[in-house]
Amino acid sequence: MTSKSDLWTIRPAQEEDTDVLSDIYLRVRRMTFLWVDPGKFQSEDFAGHTRGERVFVCEDRNGTIAGFMTLWEPDDFIHMLYILPAFQGLGAGKALLAALPEWPSRRYRLKCLVKNTRAIAFYRGLGFTIIGDGSSPEGDYKDMQLGTN
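Going by UniProt numbering, the sequence shown opens with residue 1, and the numbers climb by one from there.
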């Protein structure tokens, strides 16, 4: 599945994207999760953390990878959505989500760290609601679902 707009192309990740996606995952986590020791994040994390997931890549008009999203399909669970800082606020995250099958009518779920207030606001603005709470090694999180009241 490939989706294209005036600004973004969303496509399945390919083997040759792995190094770039691993770098984005490492860089954005270190820049966003300031409350976690940056040494806990490693380049190899991407391969292990995305095993078995469907990975979507977002490219700008020039073919530069702006970010990615991963989906654990059996549970309609959006595991990751990472956008490089230079592309944040420009619609890349929305384009990735809009490329999901049956978006926005399917009840996709995700977890968002409580301290990541910007991301929580982003997801709430797209219609996600908080349906629960949890805790992880990176901190407390909100369990969120699309389309619930």
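Glycine included, C-beta positions come from ideal geometry on N, C-alpha and C.
- The Cβ-Cβ distance between L100 and L71 falls below 8 Å.
- In this structure, the beta-carbon distance from K111 to G139 does not fall below 8 Å.
- Residue range 65 to 72 is occupied by the beta strand (DSSP E) that includes A66.
- Assigned with DSSP and collapsed to three states, P104 falls in coil, not helix or strand.
- Excluding five sequence positions before and after A13, the CB atoms of its chain that fall closer than 6 Å to its own CB belong to V55, V57, given in chain order.
- Distance check between G67 and each of D76, L90, P74, G48 places L90 closest, using alpha-carbon atoms only.
- In the displayed model, T32 falls within a helix according to three-state DSSP.
- Annotation for G139: no alpha helix (DSSP H) segment contains it, though the beta strand (DSSP E) segment containing it runs 139 to 146.
- Between I24 and L97, the CB-CB gap reaches or exceeds 8 Å.
- Here I120 is not bridged, per DSSP, to any residue.
- Separation of F46 and R106 (C-alpha to C-alpha, rounded to the nearest whole angstrom) is 26 Å.
- DSSP places F128 in the uninterrupted beta strand (DSSP E) bounded by 128 to 136.
- I83 has G67 as its beta-bridge partners, per DSSP.
- In the DSSP assignment, K111 falls outside any alpha helix (DSSP H) and within the unbroken beta strand (DSSP E) covering 109 to 113.
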